[in-house]
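Note that the sequence shown covers residues 1 to 240 in this note's numbering. Encoded as structure tokens, the structure appears first; notes follow it.
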Amino acid sequence: MNSAPHILIVDDHREIRELVSRLLMRDGFRVSAAADGKSMRKVLADARIDLILLDLMLPGEDGLTLCRAVRAQSAIPIIMLTAKGEEIDRVIGLEMGADDYLAKPFGSRELVARIRAVLRRSRVDLAALPSEPKPKSYRFDRWLLQTESRDLLRDDGVSVPLSTGEYELLLALVDRPQRVLSRDQLLDLARGRSAAAFDRSIDTQISRLRKKLERDPVEPQLIKTIWGGGYMFVPAVNKT
Numbered sequence: 001m002n003s004a005p006h007i008l009i010v011d012d013h014r015e016i017r018e019l020v021s022r023l024l025m026r027d028g029f030r031v032s033a034a035a036d037g038k039s040m041r042k043v044l045a046d047a048r049i050d051l052i053l054l055d056l057m058l059p060g061e062d063g064l065t066l067c068r069a070v071r072a073q074s075a076i077p078i079i080m081l082t083a084k085g086e087e088i089d090r091v092i093g094l095e096m097g098a099d100d101y102l103a104k105p106f107g108s109r110e111l112v113a114r115i116r117a118v119l120r121r122s123r124v125d126l127a128a129l130p131s132e133p134k135p136k137s138y139r140f141d142r143w144l145l146q147t148e149s150r151d152l153l154r155d156d157g158v159s160v161p162l163s164t165g166e167y168e169l170l171l172a173l174v175d176r177p178q179r180v181l182s183r184d185q186l187l188d189l190a191r192g193r194s195a196a197a198f199d200r201s202i203d204t205q206i207s208r209l210r211k212k213l214e215r216d217p218v219e220p221q222l223i224k225t226i227w228g229g230g231y232m233f234v235p236a237v238n239k240t
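Written out as structure tokens, the structure reads:
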């Protein structure tokens with residue numbers, strides 16, 4: 001599985017998104033792109049992003065507002081991009097929580113160098129931070145998934161064993177209910193926890209989960225296949 005850093009480009013100009021995407025993919029990065037804050041939030045919710053390239057001048061919510069919103073909830077590194085070169089814009093961006101600042105137009109080598117430098121710094125910084133508290137349990141349908149013990153309990157008290165790969169996939173699903181998640185997104189969301197457990201296809205792992213969770217695996221009601229899209233975890237989830 002591809003474990004290269006995943007970069008999110010947020011820019012309202014399609015040509016810039018496509019140009020920077022091609023540049024970064026050529027250098028071995030994985031890339032997602034968004035044109036505005038709404039699209040950015042969707043990508044952040046459904047994928048594991050390692051760094052955000054965030055344009056300052058965006059329609060609706062501008063880059064500074066989005067930078068502040070991201071920083072209030074996450075330590076994902078942010079590099080601000082802008083056509084402006086005034087020092088005051090750079091200062092404001094950094095005060096909002098950006099990790100670096102790059103004025104347009106910029107060279108491809110400089111952009112890649114800045115990204116790699118910020119990623120190196122962020123790994124050191126994140127290692128020193130306490131991990132964010134995660135839900136201890138997820139309750140859905142007739143099931144309870146306990147994260148500390150990794151137990152899957154049915155409402156009649158029966159404990160159903162899960163392999164590491166099944167547990168990580170189920171955790172990615174219950175953490176994002178009622179969302180369509182592609183196979184690539186599900187692989188990405190499990191990356192860094194148990195990548196080796198996904199040497200088999202996502203479809204095989206889903207089939208195994210259905211046999212354990214569904215009342216009738218042939219007519220699944222909990223994990224739905226979305227043709228052309230991926231999978232959706234249907235039931236409401238109570239996180240505690």
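Glycine residues also receive a C-beta, built at the ideal position from the N, C-alpha and C atoms.
Are there three or more Cβ pairs, one per stretch, closer than 8 Å when the region 133-148 is compared with the region 37-50?
no
According to DSSP, is SER182 helix, strand or coil?
coil
Once you ignore the five residues that flank GLU166 on each side, which residues in its own chain have a CB closer than 8 Å to its CB?
GLN205, ARG208, LEU209, LYS212
Taking 8 Å as the threshold (C-beta atoms), are ALA33 and ILE9 in contact?
yes
Using DSSP with H/G/I as helix, E/B as strand and the rest coil, what is PRO5?
coil
Where does THR225 fall in DSSP's three states?
strand
Straight-line Cα distance separating LEU23 from ILE202:
29 Å
Own chain residues within Cβ distance below 7 Å of ASP36, not counting five before or after:
ASP12, LEU58, PRO59, GLY60
For ARG154 versus LEU162, is the C-beta spacing smaller than 8 Å?
no
How long is the line joining the alpha carbons of LYS224 and ARG142, rounded to whole angstroms?
17 Å
Check SER137 in the structure and name its three-state DSSP category.
strand
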